[in-house]
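What follows is a short report on a single structure.
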Amino acid sequence: MKAALMTAPGEPDVLQLGEVLEPTIQQETEVLVRLKAAGVNPIDTKLRRRGTFFPDRLPAILGCDGAGIVEAVGASVRQFQPGDEVYFCNGGLGGHPGNYAEWAIVDARFAAHKPTTMSFAEAAAAPLVLITAWEALFDRARLQAGQRVLIHAGAGGVGHVAIQLAKWRGAEVCTTVSTEAKAVFVRDRGASQVLFYKDTEVAQAVMNWTHGQGVDVAFDTVGGAALGQSFAATKFYGDIVTILDADPATNWKLARTRNQRVSFELMLLPMLQGLMAVQQSQAAILQQCAELIDAGHLKLHVGQTFPLAEAAAAHQAIESGSTTGKLVLVMD
0 MKAALMTAPG EPDVLQLGEV LEPTIQQETE VLVRLKAAGV NPIDTKLRRR GTFFPDRLPA
60 ILGCDGAGIV EAVGASVRQF QPGDEVYFCN GGLGGHPGNY AEWAIVDARF AAHKPTTMSF
120 AEAAAAPLVL ITAWEALFDR ARLQAGQRVL IHAGAGGVGH VAIQLAKWRG AEVCTTVSTE
180 AKAVFVRDRG ASQVLFYKDT EVAQAVMNWT HGQGVDVAFD TVGGAALGQS FAATKFYGDI
240 VTILDADPAT NWKLARTRNQ RVSFELMLLP MLQGLMAVQQ SQAAILQQCA ELIDAGHLKL
300 HVGQTFPLAE AAAAHQAIES GSTTGKLVLV MD
């Protein structure tokens, strides 16, 4: 089969289209999926630059997110049959092969039925960001109807999903963007307050929006100074969730003196640590989100698609930092 192979750590050109053996079912819980599309995520570019979690296994196939058609099922699989359309977040960290390829083996317990109203490209863009936003807002921060939430970088992959999930839950959303076009984009997704972070003191603007109280929840999807801004923008006893490592210069004193609860969201942890029960719960999140998508409550924005052979160009685009929504590789 054809696959975009990472031959060594480095610049995007280390991704080269090559031929590898088509995978086969080895365990009774597995399904063979003919991939139609694969999502491209920032974690993919980080692994390409610095090396995967399994540096001795090269060449590697990156790509955690995939969507496609089930071609064969293991003996104990009951929830899927050949012909079913599925989406999932599985593989791509350097151990189990990822989804920059024409075929993939996936444990059926970690997959979900693809939303019927979505194209394969849209579905492949969805799993990692859906699970990240859901776990951050609902499992970590316990966001409730009537609360106010600050979502950093609302036009990004995770951000634009988080806005919609927060609105569906009944919360009011403030978000940060860099351009007027992105401001229009996030307002269309449900943001009621939009801040241009390049020329706005974000924490003070949030305080003005909340009449000096601060938001109930802040969700940091960008890192750097955003975490410190979140402390200052969040109320006493509020929640802050970040998906990135804290900057060494972060001043934690304000969070402490406000009795804020700070949580970390690394949705790939179950895959890295073999926490199978949590991986199954993440598949359940995907199934719930499929229902929301098909009911019209949630949309995924694909900013650009690339052929599988142009994986390097997709990485260059995502590293430019100027994309809106998600980037996807398509196999047809």
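Residues in the sequence shown are numbered from 0 upward in steps of one, following numbering that gives the first Met the number 0. Just so it is clear, CB atoms sit at the ideal spot from N, CA and C, and this is done for glycine as well.
In this structure, THR23 lies away from PHE184, with their beta-carbon atoms at least 7 Å apart.
DSSP places ARG49 inside the alpha helix (DSSP H), whose first and last residues are 41-49. For THR51 and ILE42, the gap between their C-alpha atoms comes out near 10 Å. Listed in chain order, the non-local C-beta contacts of LEU34 below 7 Å within the same chain comprise GLY65, GLY67, ASN98, ALA100, GLU101, TRP102, ALA103 and MET330, local neighbours out to five positions each way being set aside. In the DSSP annotation of this structure, CYS288 is not part of any beta strand (DSSP E); the continuous alpha helix (DSSP H) holding it starts and ends at 275-293. In the structure shown, the three-state DSSP call for LYS166 is helix. Under the three-state reduction of DSSP output, MET5 falls in the strand class. Its Cα nearest to that of GLU18, the residue ALA59 stands out among LYS45, ALA59 and ALA7.
The three-state secondary structure of SER262, taken from DSSP, is strand.
Look at PHE52 here: in three-state DSSP terms it is coil, with no helix or strand label. Taking C-beta separations shorter than 6 Å and ignoring five residues to either side along the sequence, the partners of LEU127 in its chain run ASN40, CYS63, ASP64 and CYS88, following chain order. THR233 is positioned such that its CB atom lies no closer than 7 Å to that of VAL221.
Residue range 325-329 is occupied by the beta strand (DSSP E) that includes LYS325. With the rule of 3 Cβ pairs closer than 8 Å, the segment 132-151 counts as touching the segment 253-264. The distance from the Cβ of VAL216 to that of GLY237 is about 7 Å, consistent with a contact at the 8 Å cut-off.
Contact check for ARG168 and THR209: beta-carbon distance about 18 Å, past the 8 Å limit, so the pair fails to qualify. Note on ARG47: 16 or more other CB atoms within 10 angstroms of its CB, so buried under the neighbour-count rule.
With respect to LEU164, ALA132 sits close: the two C-beta atoms are nearer than 7 Å. In this chain, the alpha helix (DSSP H) harbouring LEU268 covers 268-272. Our two residues, ALA107 and PHE195, have alpha carbons roughly 43 Å apart in a direct line.
Rounded to whole angstroms, the Cβ separation of ALA111 and ALA310 is 25 Å, and the two are not in contact under 8 Å. Annotated three-state conformation of ARG108 is helix, per DSSP. In this structure, the straight-line span from the alpha carbon of THR116 to that of TRP251 is close to 44 Å.
Residue range 192-195 is occupied by the beta strand (DSSP E) that includes PHE195. Under the DSSP definition of a beta bridge, ASP64 partners with CYS88.
Per the coordinates, the alpha-carbon of LYS1 lies some 46 Å from the alpha-carbon of VAL201.
By the neighbour-count criterion, in which 16 or more other beta carbons inside 10 Å mark a residue as buried, SER75 falls on the exposed side.
In this structure, GLY93 lies near ARG56, with their beta-carbon atoms less than 7 Å apart. Distance from LEU328 to GLY302 at the Cβ level is roughly 13 Å; contact not present, criterion being Cβ atoms closer than 8 Å. Every alpha helix (DSSP H) stretch that sits fully inside the segment 89-158 and reaches 4 residues is listed by chain position as 119-123 and 126-133. Rounded to whole angstroms, VAL105 and GLU21 show a C-alpha spacing of 13 Å. In the three-state scheme derived from DSSP, where H, G and I count as helix and E and B as strand, ALA36 is classed as strand.
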